[in-house]
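Heads up, the thing below is written out as structure tokens.
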Amino acid sequence: MNKRPILLFALGMLFIANLVSANSASIGEDTLSELLRRVTIGWNTDWSKHSIEYRELLSGGPPRDGIPPIDRPKFIDNQQAEQWLAPNDPVIALELNGDARAYPLQIMTWHEIVNDSVGEIPITITFCPLCNSAITFERHYQGTTYDFGTSGLLRHSDLVMYDRQTESLWQQFTGEAIVGAMTGEQLQMIPSGLIGFKQFQAAYPSGKVLSKETGYSRDYGHNPYPGYDDIRNNPFLFQDPIDGRLSAMARVVTISDGEYHNAYPVKLLEKLGVIHHKLGEQSLAVFHQAGVSSALDTTRITNGMDVGATGVFIPVVGNQELIFVKRAGEIVDEQTGSHWNIVGQAVQGPLKGNQLKRLVHADQFWFSWAAFQPDTLIYQLDE
Numbered sequence: 121m122n123k124r125p126i127l128l129f130a131l132g133m134l135f136i137a138n139l140v141s142a143n144s145a146s147i148g149e150d151t152l153s154e155l156l157r158r159v160t161i162g163w164n165t166d167w168s169k170h171s172i173e174y175r176e177l178l179s180g181g182p183p184r185d186g187i188p189p190i191d192r193p194k195f196i197d198n199q200q201a202e203q204w205l206a207p208n209d210p211v212i213a214l215e216l217n218g219d220a221r222a223y224p225l226q227i228m229t230w231h232e233i234v235n236d237s238v239g240e241i242p243i244t245i246t247f248c249p250l251c252n253s254a255i256t257f258e259r260h261y262q263g264t265t266y267d268f269g270t271s272g273l274l275r276h277s278d279l280v281m282y283d284r285q286t287e288s289l290w291q292q293f294t295g296e297a298i299v300g301a302m303t304g305e306q307l308q309m310i311p312s313g314l315i316g317f318k319q320f321q322a323a324y325p326s327g328k329v330l331s332k333e334t335g336y337s338r339d340y341g342h343n344p345y346p347g348y349d350d351i352r353n354n355p356f357l358f359q360d361p362i363d364g365r366l367s368a369m370a371r372v373v374t375i376s377d378g379e380y381h382n383a384y385p386v387k388l389l390e391k392l393g394v395i396h397h398k399l400g401e402q403s404l405a406v407f408h409q410a411g412v413s414s415a416l417d418t419t420r421i422t423n424g425m426d427v428g429a430t431g432v433f434i435p436v437v438g439n440q441e442l443i444f445v446k447r448a449g450e451i452v453d454e455q456t457g458s459h460w461n462i463v464g465q466a467v468q469g470p471l472k473g474n475q476l477k478r479l480v481h482a483d484q485f486w487f488s489w490a491a492f493q494p495d496t497l498i499y500q501l502d503e
């Protein structure tokens, strides 16, 4: 693998991080805030309101909307998308009110935010490559539909968004406003998942796929972060202590209800296929199926190593709680022998046509999740 691109990227990011870190170590908080204002000159953000220390914000390099969000997304059908998407290409998939859509990471890696409306619900789809964090939010909040962009800032290596209506800053990882007039407000997360294009096609034959006609000229399909998800790497622009319970770049399936926080190592989930567990008192089932390439491995996303797709569900149909197992590569419930796919649809057997209730989850790097949820319970085989 040619690691020159990632080396240059790393050097650039580390230069910025060291510059800000050196300044923050030698000068006070007020002066640091002045440095932040230099990066954000011309903004109309209300800097008097904030729930974080300003020293936690770092410039990621590009200016505000230098990584341009997509505000007028165009879509194509599955058959048209086959011309440029391979079966294992990763997509952010969601379905609302019968409207199913896929947002390929070939595109999301270059834009990070799409402001859209799915099933007549205004939503924002987000992807932070540095954390491998794909999260979907409802963007209609208390009577206003907000439009989001990339601020050019990072916190704990995670994307910091801003809304164009109040120019408040929002943390992608949590959906919480951390600076500005909206400080303390919380966006609602919507269940979505990183799955393979073939898996999306099978689950949603009439689904729509985000088109490469974005209005921008980008090398879609090229990974600007080659080799980043190597388990031996250190995260970029992350200055916090690493929680040593797992490797920093270990992939984990994460879920939280605000009080309890669970993480399921993907390597373990790959072996088991299904994990039954609880989040507090809530029973849940965590699925894994192979067939999805990493967007942060090789130069071409399609050629990335297989990291699989995951889903987290309440394992109940009607009044019956189901036990799922992996048999010959298929997810099957022991009660009826029905077969289930990665989005929680029964596709074969007596329960065919049923849909498990999806829970909000994400596939992320351990370092980032642990920074925001340090009290996380990591699933182990003896549980």
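Just so we're aligned, residue 121 is where the sequence shown starts under this note's numbering, counting upward by one.
We treat Cβ as the ideally placed atom computed from N, Cα and C, and that holds for glycine.
Report task. Report the option in Thr-496, Gln-402, Leu-214 whose CA atom is closest to the CA atom of Ser-326. Result -> In the sequence shown, counting from the first residue as 1, residue 326 sits at position 206. Per the Cα distances, Leu-214.
**Report entry** Cα-Cα separation between Gly-300 and Met-281, rounded to whole angstroms
**Finding:** Stepping through the sequence shown from its first residue, residue 300 is reached at position 180. Stepping through the sequence shown from its first residue, residue 281 is reached at position 161. One Cα belongs to Gly-300, the other to Met-281, and the distance between them is close to 12 Å.
Query - 6 Å Cβ shell around Asp-453 - same chain, five flanking residues per side excluded - result: By 1-based counting over the sequence shown, the position of residue 453 is 333. Cβ neighbours of Asp-453 beyond the five flanking positions: Leu-442, Phe-444.
Query raised in the report: At what residues does the alpha helix (DSSP H) containing His-231 begin and finish?
Result: Sequence index remark: in the sequence shown, residue 231 carries index 111 (1-based). For His-231, the enclosing alpha helix (DSSP H) covers residues 225-231.
Requested in this report: Could you check what DSSP says for Asn-198 in three-state terms: helix, strand or coil?
Outcome: Locating residue 198 in the sequence shown gives position 78, counting from the first residue. Asn-198 falls in the helix class under three-state DSSP.
Query raised in the report: When DSSP labels each residue in this structure, what does Leu-307 get in the three-state scheme?
Result: Position 187 of the sequence shown, counted from the start, is the residue given in the question as residue 307. It is coil, neither helix nor strand.
Query raised in the report: Run through DSSP, which three-state label would Ala-213 get?
Result: Here residue 213 is taken as the residue at index 93 of the sequence shown, counted from 1. Here Ala-213 sits in strand by DSSP.
**Report entry** Environment of Met-228 [buried if 16+ CB atoms lie within 10 Å]
**Finding:** Start at 1 with the first residue of the sequence shown, and residue 228 comes out as number 108. Classification of Met-228: buried, given that the 10 Å Cβ count is 16 or more.
Report task. Just the C-alpha distance for Thr-246 and Asp-502, rounded to the nearest angstrom, thanks. Result -> Here residue 246 refers to the residue found at position 126 when the sequence shown is read from its first residue. Here residue 502 refers to the residue found at position 382 when the sequence shown is read from its first residue. Rounded to whole angstroms, Thr-246 to Asp-502 spans 35 Å at the Cα level.
Query - The alpha helix (DSSP H) enclosing Leu-388, as first and last residue numbers - result: If you number the sequence shown from 1, residue 388 lands on position 268. Leu-388 -> alpha helix (DSSP H) spans 386-392.
**Report entry** Three-state secondary structure assigned by DSSP to Glu-240
**Finding:** Translated into the one-based positions of the sequence shown, residue 240 becomes position 120. Glu-240: coil per DSSP, three-state reduction.
Query - Backbone CA spacing between Leu-274 and Gly-469 [nearest angstrom] - result: For the purposes of this step, residue 274 is taken as residue 154 along the sequence shown, with counting starting at 1. For the purposes of this step, residue 469 is taken as residue 349 along the sequence shown, with counting starting at 1. So the two alpha carbons sit approximately 47 Å from each other.
Report task. Would you mind working out which of Leu-177, His-170, Lys-169 sits nearest Arg-158, comparing C-alpha positions? Result -> Position 38 of the sequence shown, counted from the start, is the residue given in the question as residue 158. Nearest option by C-alpha distance: Leu-177.
Query raised in the report: For Asn-252, which residues from the same chain have a beta carbon less than 6 Å from its beta carbon, with the 5 sequence-adjacent residues on both sides left out?
Result: Here the question's residue 252 lines up with position 132 in the sequence shown. Closer than 6 Å at the Cβ level, and outside the excluded window around Asn-252, lie Gln-484, Phe-485.
Query raised in the report: Does the separation of the CB atoms of Ala-405 and Tyr-324 fall below 8 Å?
Result: As a position in the sequence shown, residue 405 is number 285, starting the count at 1. As a position in the sequence shown, residue 324 is number 204, starting the count at 1. Going by C-beta atoms, Ala-405 is not nearer than 8 Å to Tyr-324.
Requested in this report: Give the range of the beta strand (DSSP E) segment to which Gln-319 is assigned.
Outcome: What you label residue 319 is simply residue 199 of the sequence shown in a count that begins at 1. Counting along the chain, Gln-319 falls outside any beta strand (DSSP E), though it belongs to the alpha helix (DSSP H) covering 317-323.
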